[in-house]
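Remarks on the structure that follows.
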Amino acid sequence: LDGAHVDDVAMLVVGDPFGATTHADLVLRAKQRNIPVKIIHNTSIMNAVGCCGLQLYNFGETVSIVMWLDGWEPDSYYDRIASNMEKGLHTLCLLDIKTKEQSIENMMKGRRIYEPPRYLTCAEAASQLLKIAERKREAGVEPVYNASSPCVGLARVGWDDQKIVFCTLKEMSEHDLGPPLHSMILPGHMHPLEVDMLNTFKISDEKLS
-14 LDGAHVDDVA MLVVGDPFGA TTHADLVLRA KQRNIPVKII HNTSIMNAVG CCGLQLYNFG
46 ETVSIVMWLD GWEPDSYYDR IASNMEKGLH TLCLLDIKTK EQSIENMMKG RRIYEPPRYL
106 TCAEAASQLL KIAERKREAG VEPVYNASSP CVGLARVGWD DQKIVFCTLK EMSEHDLGPP
166 LHSMILPGHM HPLEVDMLNT FKISDEKLS
């Protein structure tokens, strides 16, 4: 923002500019400095997921599934998935990415050495969801999904080699969708047309609905 009073400054972002609060904060600070702002909207996974055939009107709250680490396995997103499913709504799951991360040792020693980028895959996310379901059962709670529940895996949406698969959570936990970025959908109540569309992406003959 420091040079935006005298020169045009452009910022290129992944997805829609207002898909993250960071960009809204930049706009607010620009307005506070009386710097004019022009937004050129971009395609976001939030609407591009319609390519699988599920209707955007039928989606509930979006959740983020984080990458589990040793001793840290959060599952707070389960409650939002459950809320969506109880209402018959689809759940878009955004999968964690870790880029430009530092190890604790490098942070403590002030070394600017970064770990290789890591991207949560649909297979890993499905495995985590199944483990959460098992924990719920052990706690005496019947989970809203199980190993036979349908799910949709999406990889590299918008690219020439994009891949979409429709299968059970168990099948997804064992399926490789290739390079990132991945997203996953847990469908709620599906219209027959949505089912027909998803069936074009099935990877097995197992009945899904």
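In this text, residue positions in the sequence shown follow the numbering used here: the first is -14, and each later residue adds one. No residue lacks a Cβ here, since even glycine has one placed at the ideal position from N, Cα and C. Source: prediction; values computed, not measured.
Between the Cα of M52 and those of F44, Y62, N43 and G45, spot the shortest distance and give me the residue it belongs to. M52 has its Cα closest to that of Y62, out of F44, Y62, N43 and G45.
With distances taken between CB atoms, is the gap from Y104 to H174 smaller than 8 Å? no
Let's test the definition: count the other Cβ atoms within 10 Å of the Cβ of N69 and tell me whether it reaches 16, buried, or not, exposed. Buried is the call here.
Where does S68 sit, in a helix, a strand or coil, going by DSSP? helix
Express the C-alpha separation of D10 and G35 in angstroms, rounding to a whole number. As the crow flies, the alpha-carbon of G35 is around 29 Å from that of D10.
Rounded separation between D60 and D(-7) - CA only: 44 Å
For the candidate residues M157, T185, I50 and S189, whose alpha-carbon lies nearest to that of C37? T185
Taking one C-beta from the stretch 140 to 148 and one from the stretch 76 to 83 each time, how about it: are there three or more such pairs within less than 8 Å? These segments do not touch.
Going by CA-CA distance only, name the one from L139, M182 and D1 that's closest to N27. D1
Rounded to whole angstroms, what's the CA-CA distance from T7 to H(-10)? Just pull it up for me. The straight-line gap from Cα to Cα measures roughly 21 Å.
Give the range of the alpha helix (DSSP H) segment to which A111 is assigned. C107 to E123
Same chain only: Cβ atoms within 8 Å of G163, ignoring 5 sequence neighbours per side: A140, R141, D146 and K148
What does the alpha-carbon distance come out to for the pair K187 and P135? If you take the alpha carbons of K187 and P135, they lie about 10 Å apart.
Residues sharing a beta bridge with R103, DSSP: K83
What's the gap between the Cα of N43 and the Cα of S29? 17 Å
Between which two residues does the alpha helix (DSSP H) harbouring M92 extend? I89 to M93
Where does Q113 land, buried or exposed, given buried means 16+ other C-beta within 10 angstroms? buried
Euclidean distance between Cα positions of S189 and C152: 7 Å
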